[in-house]
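These protein sequences, in sequence, are chains A and B. Quick note: the first sequence uses UniProt numbering, first residue 1, plus one each step. Quick note: the second sequence uses UniProt numbering, first residue 1, plus one each step.
Protein chains: 2
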Amino acid sequence: MQSFKELTGQFSKHFDQLQFPEQPNRLYDAARHILEIGGKRIRPVLCLMGNELFDELHQDAFHAGSAVELFHNFTLIHDDIMDKAPIRRGNPTVHMVYGETAAILSGDVMLINVYERLNKVHAKYQKKLVSVFNKAAIEVCEGQQLDMDFELLEPEAVDYDSYVNMIGLKTSVLLAASLQMGAIIGGGSEGNQGHLYAFGKNVGIAFQIQDDFLDAFGDPEKFGKQQGGDILANKKTFLLLKAFELCNPAQKAELKALLASNPEDKVARVLQLFRDCKVDEWAEKEKERFTQMAFKNLDDIAVLTSRKQPLRDLADFLLNRQQ
Amino acid sequence: MQSFKELTGQFSKHFDQLQFPEQPNRLYDAARHILEIGGKRIRPVLCLMGNELFDELHQDAFHAGSAVELFHNFTLIHDDIMDKAPIRRGNPTVHMVYGETAAILSGDVMLINVYERLNKVHAKYQKKLVSVFNKAAIEVCEGQQLDMDFELLEPEAVDYDSYVNMIGLKTSVLLAASLQMGAIIGGGSEGNQGHLYAFGKNVGIAFQIQDDFLDAFGDPEKFGKQQGGDILANKKTFLLLKAFELCNPAQKAELKALLASNPEDKVARVLQLFRDCKVDEWAEKEKERFTQMAFKNLDDIAVLTSRKQPLRDLADFLLNRQQ
Numbered sequence: 001m002q003s004f005k006e007l008t009g010q011f012s013k014h015f016d017q018l019q020f021p022e023q024p025n026r027l028y029d030a031a032r033h034i035l036e037i038g039g040k041r042i043r044p045v046l047c048l049m050g051n052e053l054f055d056e057l058h059q060d061a062f063h064a065g066s067a068v069e070l071f072h073n074f075t076l077i078h079d080d081i082m083d084k085a086p087i088r089r090g091n092p093t094v095h096m097v098y099g100e101t102a103a104i105l106s107g108d109v110m111l112i113n114v115y116e117r118l119n120k121v122h123a124k125y126q127k128k129l130v131s132v133f134n135k136a137a138i139e140v141c142e143g144q145q146l147d148m149d150f151e152l153l154e155p156e157a158v159d160y161d162s163y164v165n166m167i168g169l170k171t172s173v174l175l176a177a178s179l180q181m182g183a184i185i186g187g188g189s190e191g192n193q194g195h196l197y198a199f200g201k202n203v204g205i206a207f208q209i210q211d212d213f214l215d216a217f218g219d220p221e222k223f224g225k226q227q228g229g230d231i232l233a234n235k236k237t238f239l240l241l242k243a244f245e246l247c248n249p250a251q252k253a254e255l256k257a258l259l260a261s262n263p264e265d266k267v268a269r270v271l272q273l274f275r276d277c278k279v280d281e282w283a284e285k286e287k288e289r290f291t292q293m294a295f296k297n298l299d300d301i302a303v304l305t306s307r308k309q310p311l312r313d314l315a316d317f318l319l320n321r322q323q
Numbered sequence: 001m002q003s004f005k006e007l008t009g010q011f012s013k014h015f016d017q018l019q020f021p022e023q024p025n026r027l028y029d030a031a032r033h034i035l036e037i038g039g040k041r042i043r044p045v046l047c048l049m050g051n052e053l054f055d056e057l058h059q060d061a062f063h064a065g066s067a068v069e070l071f072h073n074f075t076l077i078h079d080d081i082m083d084k085a086p087i088r089r090g091n092p093t094v095h096m097v098y099g100e101t102a103a104i105l106s107g108d109v110m111l112i113n114v115y116e117r118l119n120k121v122h123a124k125y126q127k128k129l130v131s132v133f134n135k136a137a138i139e140v141c142e143g144q145q146l147d148m149d150f151e152l153l154e155p156e157a158v159d160y161d162s163y164v165n166m167i168g169l170k171t172s173v174l175l176a177a178s179l180q181m182g183a184i185i186g187g188g189s190e191g192n193q194g195h196l197y198a199f200g201k202n203v204g205i206a207f208q209i210q211d212d213f214l215d216a217f218g219d220p221e222k223f224g225k226q227q228g229g230d231i232l233a234n235k236k237t238f239l240l241l242k243a244f245e246l247c248n249p250a251q252k253a254e255l256k257a258l259l260a261s262n263p264e265d266k267v268a269r270v271l272q273l274f275r276d277c278k279v280d281e282w283a284e285k286e287k288e289r290f291t292q293m294a295f296k297n298l299d300d301i302a303v304l305t306s307r308k309q310p311l312r313d314l315a316d317f318l319l320n321r322q323q
């Protein structure tokens, strides 16, 4: 049983050996660019952890982990084009450096490489592994489309449950599937795979609620982002959508007016409205609700409690829980 | 042994049952749009023919055929975005109808669905099939990138062999791989698979030379396209690249001047130059050279000659050869 940090080190050693060809250089430089920007490699490490929950680490978990990491980076390249995002992790995005054509194509070629990785795993569980992965991959695309569809709507027109569904697809199913893929490799039962998948999905949603909360109320120095960035961008978040449910007609009118304009004190005034309608308290409770579901899922997995410790530690770390 | 037409009918019956989900409708309407525009389904039928060359038709050839057809349509959606093409087969392109975001995403989700199809084939040859497919799929992306790279260069700067290589990747390797995938399912030997792959690749290049030739010299009524469309678009073709090799310095200067301008008689004058430097004769010979190589490849396949008849007929039809 290894910690997240130890597994990250092991995975990176494997993943960094993965080489794209030199030519056509525009295509593969674009692919290398997104991988070099880095990231925390959370998904592949979840794959390793899912494996280690049930059995010793198998080489196939590294192949499956590489597949999900390549897939995640493919989505970043294409999402940045769709969002017209100029910056990612402090670096210019792929389409800004290499143009949109190379960005679309490098994402495409990366997605094909995902399946080269999945084609290396043992034949006995290849079909199941590819099937679990494909389901998640399709859902991620569907989540991105729903997100784009929601962008065209007024926040009031977006139903809260539909929003939770969209966020789940866009951000959580790949975490969940990564864990399940590891469990398949480790020989976990279908029942245990299901609990582990649900754990990953609930942690992902709790994490997203926290992310929205910290963007609004977090200490910008600690959080490393501009406070209220989502508010300034009129981004649909858990907080904004719930505020429309919780606030009274006068507050609602004020919120709508603030969204339609850009006064200098926009962030402060929206935050005050959030506090007035207690959406901050609600968010903490909602995050806790998903967190508790996640820990219940973890409890339900029928392996020795001690084997679950690294997953518990990781969830505590991601969800910023003091132990 | 069935003809191309019979196999097309059989494949369409299978393929048309393939359903995308209803929601998110923007995503899947975009995917349905490209499939409904149609096309000749040549690649999947090649898959069926590759199978039938060696054995009775197997259900897996329909899965593999659906995979290559979905892949082909995925490339059409993304290529049309890159080429900023408004029209395909007389219909507005996907990004024109559904926007670029849904077009990128519907291509992505279609590519994932390719691998859902490939995940249905018998485990005994799944790895080999996926590996042959992935190699071709990666090469198609590389070919598209090279094509885009060449677009930025003067025609004189593009080396003829590099151009043939690019065209081979962009248009022929998927035809070749479709045949080989069928052969794998039919139980063809590695050697026979290789000959069949080479046959597909050479037919593909011969077809492309013919396509370029007909665009310039064909009867527009018979060919169904505007004569000289490639010339008006300054498109790099076999003819244009070879003309720069074959013509004398004065002709070269005239050709460059014509490319840099748009006189009313541009098509006629470029065609005259093509004739003067005998690039039309060269193209017919070059097409014949690739055709002969293809038929040699077909001869080399160690099965009864009568089994090869449908492939010979198809090549004759595609390459417009009177028998």
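All C-beta atoms in this analysis are idealised placements derived from N, C-alpha and C, irrespective of residue type, glycine included.
State yes or no: is the beta carbon of B:E6 nearer than 9 Å to at least one beta carbon in chain A? Walking along the second sequence from the start, residue 6 of chain B turns up at place 6. No, no contact with chain A.
What does A:R43 reach in chain B if we use C-beta pairs closer than 7 Å? Sequence index remark: in the first sequence, residue 43 of chain A carries index 43 (1-based). Neighbours of A:R43 on chain B: none; closest Cβ ~16 Å, over 7 Å.
Under the three-state DSSP convention, the category A:I81 falls into: Locating residue 81 of chain A in the first sequence gives position 81, counting from the first residue. Correct three-state label for A:I81: helix.
Spell out a yes or no on whether the stretch 29-44 of chain A and the stretch 155-173 of chain B are touching, meaning 3 or more CB-CB pairs, one atom from each, closer than 8 Å. no
Do A:A216 and A:V270 have their CB atoms nearer than 9 Å? In the first sequence, residue 216 of chain A corresponds to position 216, counting from 1. In the first sequence, residue 270 of chain A corresponds to position 270, counting from 1. Yes, the pair counts as a contact, with Cβ atoms nearer than the cut-off.
Go ahead and label A:S189 buried or exposed: buried means 16 or more other beta carbons lie within 10 angstroms of its beta carbon, across all protein chains shown. Residue numbering aside, residue 189 of chain A sits at position 189 when the first sequence is read from its first letter. So A:S189 ends up on the exposed side.
Using 8 Å as the threshold, is the stretch 61-69 of chain A in touch with the stretch 187-203 of chain B, meaning 3 or more CB pairs across them? no
Could you pull the DSSP bridge partners for A:I87 from this structure? As a position in the first sequence, residue 87 of chain A is number 87, starting the count at 1. A:P92.
Proximal chain B residues relative to A:S131, where beta-carbon distance stays under 9 Å: Counted from its first residue, the first sequence places residue 131 of chain A at position 131. Correct list: E116 and N119.
Could you check whether the stretch 292-309 of chain A touches the stretch 247-257 of chain A, counting it as contact only if at least three pairs of C-beta atoms, one from each stretch, sit closer than 8 Å? no
Under a three-way DSSP split, which group does A:H122 fall into? On the first sequence, residue 122 of chain A is found 122 positions in, with the first residue counted as 1. Three-state DSSP puts A:H122 in coil, outside helix and strand.
C-alpha gap between A:P220 and A:A206, whole angstroms: If you number the first sequence from 1, residue 220 of chain A lands on position 220. If you number the first sequence from 1, residue 206 of chain A lands on position 206. About 20 Å.
Can you tell me whether A:Q126 is buried or exposed, with buried defined as 16 or more other CB within 10 angstroms of its CB? Counted from its first residue, the first sequence places residue 126 of chain A at position 126. By the 10 Å Cβ count, A:Q126 comes out buried.
In whole angstroms, what is the alpha-carbon distance linking A:Q309 and B:T101? Numbered from 1 along the first sequence, position 309 holds the residue referred to as residue 309 of chain A. Numbered from 1 along the second sequence, position 101 holds the residue referred to as residue 101 of chain B. Answer to the nearest angstrom: the Cα atoms are 41 Å apart.
Exposure of B:F317, with buried meaning 16 or more beta-carbon neighbours within 10 Å: On the second sequence, position 317 is the one that residue 317 of chain B refers to. Classification for B:F317: exposed.
Any C-beta of chain A within less than 9 Å: which residues of the stretch 159-193 of chain B qualify? none
State yes or no: is the C-beta of B:D212 within less than 9 Å of the C-beta of B:F238? Within the second sequence, numbered from 1, the residue matching residue 212 of chain B stands at position 212. Within the second sequence, numbered from 1, the residue matching residue 238 of chain B stands at position 238. Contact: yes.
From B:Y163, B:M1 and B:R41, pick the residue whose C-alpha is nearest to that of B:F11; which is it? Here residue 11 of chain B corresponds to residue number 11 of the second sequence, with the count starting at 1. Out of B:Y163, B:M1 and B:R41, B:R41 has the C-alpha closest to the C-alpha of B:F11.
Segment contact flag, the stretch 19-35 of chain A with the stretch 101-112 of chain A, C-beta cutoff 8 Å, min 3 pairs: yes
Hey, how far is the Cα of B:E142 from the Cα of B:V164? In the second sequence, counting from the first residue as 1, residue 142 of chain B sits at position 142. In the second sequence, counting from the first residue as 1, residue 164 of chain B sits at position 164. C-alpha separation (whole angstroms): 13 Å.
Start and end residues, alpha helix (DSSP H) containing B:V164: Locating residue 164 of chain B in the second sequence gives position 164, counting from the first residue. Its alpha helix (DSSP H) spans residues Y160 to I167.
Is A:V203 closer than 9 Å to A:A315 when the C-beta atoms are compared? By 1-based counting over the first sequence, the position of residue 315 of chain A is 315. By 1-based counting over the first sequence, the position of residue 203 of chain A is 203. Cβ atoms of A:A315 and A:V203: closer than 9 Å.
From B:N134, B:K170 and B:A137, residue whose alpha carbon lies closest to that of B:Q144: Taking the first residue of the second sequence as position 1, residue 144 of chain B is located at position 144. Taking only the C-alpha atoms, the option nearest B:Q144 is B:K170.
What number of angstroms, rounded off, separates the C-alpha of B:F274 from the C-alpha of B:H195? Here residue 274 of chain B refers to the residue found at position 274 of the second sequence. Here residue 195 of chain B refers to the residue found at position 195 of the second sequence. Using only the alpha carbons, I get a separation of about 35 Å.
Given a cut-off of 9 Å, decide if A:I185 and A:L129 are closer than it, judged by their beta-carbon atoms. Sequence index remark: in the first sequence, residue 129 of chain A carries index 129 (1-based). Sequence index remark: in the first sequence, residue 185 of chain A carries index 185 (1-based). For A:L129 and A:I185, yes; Cβs fall inside 9 Å.
So, does the CB of B:L105 fall closer than 9 Å to a CB anywhere in chain A? As a working note, residue 105 of chain B is residue 105 in the second sequence. Closer than 9 Å to some Cβ of chain A, the Cβ of B:L105 qualifies, so yes.
Distance, Cα to Cα, A:H58 vs A:S3? Translated into positions along the first sequence, residue 58 of chain A becomes position 58. Translated into positions along the first sequence, residue 3 of chain A becomes position 3. Cα-Cα distance, rounded: 16 Å.
Under 8 Å (Cβ pairs) to chain B, residues found in the stretch 123-148 of chain A: A123, Q126, K127, V130, S131, N134, A137, I138, C141, E142, Q144, Q145, L146 and M148
Taking buried to mean at least 16 other C-beta atoms within 10 Å of its own C-beta, is A:Q19 buried or exposed? Locating residue 19 of chain A in the first sequence gives position 19, counting from the first residue. Looking at its Cβ environment, which holds fewer than 16 other Cβ atoms inside 10 Å, A:Q19 is exposed.
Could you give the distance in angstroms between the alpha-carbon of B:D230 and the alpha-carbon of B:M1? If you number the second sequence from 1, residue 230 of chain B lands on position 230. If you number the second sequence from 1, residue 1 of chain B lands on position 1. Distance between the alpha carbons of B:D230 and B:M1: 39 Å.
Quick one: does B:T101 have its CB under 9 Å from some CB of chain A? The sequence position of residue 101 of chain B within the second sequence is 101, counting from 1. For B:T101, the answer is yes, since a Cβ of chain A falls inside 9 Å of its Cβ.
Using only CA atoms, which one of A:K236, A:V109 and A:L111 lies nearest to A:D149? As a first step, residue 149 of chain A is located in the first sequence; it is residue number 149 there, counting from the start. A:D149 has its Cα closest to that of A:K236, out of A:K236, A:V109 and A:L111.
What separation, rounded to the nearest whole angstrom, lies between the Cα atoms of B:I209 and B:K242? Within the second sequence, numbered from 1, the residue matching residue 209 of chain B stands at position 209. Within the second sequence, numbered from 1, the residue matching residue 242 of chain B stands at position 242. Whole-angstrom Cα-Cα distance: 11 Å.
Please confirm whether A:L76 has its beta-carbon closer than 9 Å to some beta-carbon of chain B. Within the first sequence, the letter at position 76 stands for residue 76 of chain A. No, A:L76 lies away from the interface with chain B (no Cβ there is under 9 Å from its Cβ).
B:M293 in three-state terms, based on DSSP: Looking up residue 293 of chain B in the second sequence gives position 293. Correct three-state label for B:M293: helix.
According to the neighbour-count rule (16 or more other Cβ atoms, all chains shown, within 10 Å of its Cβ), is A:T75 buried or exposed? By 1-based counting over the first sequence, the position of residue 75 of chain A is 75. With 16 or more other Cβ atoms within 10 Å, it is buried.
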